[in-house]
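Written out below as C-alpha cells is the structure these notes cover.
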Amino acid sequence: MALNVSKNITEGQNGLPSANYKIVSDELLAVVSVVMKSAMYDGISGFGLLTNAACLKVFWTMGFKNTINVSFFAITIADMGCLLSLLWMGICYNPLFADSNIIIDSRSVQYLTGGWPKFYFTRVSGMITAYLTFERYLSMTIPLKVKLLLTPRRVKAILVTLYIFTALCVVPIYVPARFTWKWFPSKNMSLISTEFVASKGTINIISNSLNVAFYNGSFVIVVICTAVLILKLNESRAWKKKSTMRSDRQEVSKETRASRRVVFVALLYIVCNLPGSLCSFCMAAFPEFNAGESQQNLFFFYAAFVHIIEAINASCNIFIYQKTSKKFCHVFLQTFTHGPNNCKRRQQKVQN
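With the first letter of the sequence shown counted as 1, position 214 gets the number 214 in UniProt numbering; the numbers rise by one all the way through.
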C-alpha cells in the first residue's frame, strides 16, 4: 500500500476525523524519507546531471544561430539547477548525513538551500517551455515575421528576463527567513536551523500563491500551445501532400521537424508536471495539506513523489533530442563516441 492509515482515529464534529488524524503515519514517512527522499533523489539526479551535461556540450558545439537551440540550452541549464538542488535535498535527508555530527539541521536547512532553489529552476524550465511552445506556434503561423522579430540575440534577452523575473518572484519567501542557532535536546547540542520571523500563515499564503501562479500559469500555456501545435502539424502535413513545389515542401518540413521536437518536449513536461499542478491546487484549497499542518505527512509523501517525477522530466529530454534531431544525434556521437555513422542507422526511420 502506498498510504498507511494510523490506527488511532478520533472523531470530531459530524463524525469526521479530527485534526490529530494522520493519513500517512510517522513510521511510513520515515521509510519514505530514506527510500524516496534519499536514494531516489540522488540516484535520479545523478543520472540527470550526466545527461544534461552532455546536452549542454552538444548544444554548445552546434552553436546558437538557430533560436530553438538557444531555448533548449536555457531549458537544460534550468534542468541542471533543478537536479543539483534535488541532489542536495537527497543528501540532507540521508540519515548518514543528517544524523552525523554536523553543525546544521540539514532537514531544516534544505528548505531554503534545496527546496526553494529547486522550485525556482523548475518554474524557470516551465516558463521557458511555455515560451518555446508559443514561439513554435507563431513560427508555424507567421514564419517570416517570426524570423525577423525573434533573432537569436532577442531570444537570449527574453530567456534571461524569464530567469530574472522568476527569481524576483521567489525572493518574498526568503525575506522572513533566516538561519539561526537552535537547541536540540535529542542531540544535546545547538545546530544551525531555519527560522521564520513572520507567522506561519503568512508564509503559507506566500508559498501557496507562488505555487499556484507559476505552476499552473506556465502549465496551462504549455497545454494550450501544445494542443494548437499538434493541430498545426496535422494541417502542415496535409498541405505538404498537396504542395507540388519542392522548395515550399522543404521549408515546411524544416519547421515541422522543429515543431515536432518541441511538441515531444512539451508532452513530457505536461505528463510529469500534472501531479505538481494538482498539488498546488490542494495546498491552496486545503490549508491542512502543508508543512507544519495536521496533514504534513501526506504533504511530504506526495511532495516526494512530485519531486521524483519532475526529476525524471529534467533528465530525459536528451532521448527526445536524439530521436527527433539527426544533427543533435550526429554531434552527440561525434563528441562522445567518435562514431556518427551509428546515428545514421538509428535515424533511418525517423524524419529529422
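Don't be surprised by glycine CBs; every beta carbon is placed ideally from N, CA and C.
Nonlocal neighbours in the same chain, by C-beta distance under 6 Å from residue i, ignoring five residues either side
i      : result
Thr76  : Asn52, Cys55 and Leu56
Ser247 : Bear in mind that the predicted position of Ser247 carries a pLDDT of just 49, short of 50, making it unreliable; the figure below should be weighed with that in mind. No residues qualify anywhere along the chain.
Val155 : Thr67 and Val70
Endpoints, the beta strand (DSSP E) within which residue i is located
i      : result
Ser193 : Met189 to Phe196
Lys182 : Ala177 to Phe184
Residue i: first and last residue of the uninterrupted alpha helix (DSSP H) it sits in
i      : result
Lys323 : Asn317 to Thr324
Phe47  : Tyr41 to Met62
Ile128 : Trp116 to Thr141
Helix, strand or coil at residue i according to DSSP, with G and I counted as helix
i      : result
Phe337 : Note that residue 337 corresponds to Thr in the displayed sequence, not to Phe. Of the three classes helix, strand and coil, the one that applies to Thr337 here is coil, per DSSP.
Ala291 : coil
Ile104 : strand
Asp248 : At Asp248 the pLDDT is 49, less than 50, meaning the model places this residue with poor confidence and gives no usable figure here.
Thr76  : helix
Asp26  : helix
Asp99  : coil
Asn216 : helix
Leu150 : coil
Asn297 : helix
Phe332 : helix
Among the options, nearest to residue i - alpha-carbon criterion
i      : options                           : result
Glu27  : Glu135, Ser325 and Leu298         : Leu298
Gly292 : Phe196, Met140, Ser100 and Gly90  : Phe196
Ser45  : Lys187, Ser33 and Gly81           : Gly81
Ala311 : Gly217, Cys272, Gln295 and Cys279 : Cys272
Met89  : Asp42, Val146, Trp183 and Ser139  : Asp42
Asp105 : Ser186, Ile205, Gln296 and Arg260 : Ser186
Tyr163 : Met127, Pro152, Ile206 and Lys232 : Met127
7 Å CB neighbourhood of residue i in its chain, flanking five on each side removed
i      : result
Gln322 : Phe328, Cys329 and Phe332
Phe286 : none
Phe165 : none
Val124 : Ala78, Leu162, Tyr163 and Thr166
Cβ-Cβ distance between residue i and residue j below 8 Å
i      : j      : result
Ser193 : Ser108 : yes
Ala266 : Val222 : yes
Leu159 : Val70  : yes
Ser33  : Tyr93  : yes
Val170 : Phe119 : yes
Contact set for residue i: own chain, Cβ-Cβ below 8 Å, skip 5 residues either direction
i      : result
Phe281 : Val212 and Asn216
Trp181 : Ser190, Leu191, Ile192 and Ser193
Thr129 : Ile75, Ser218, Val222, Val265, Ala266 and Tyr269
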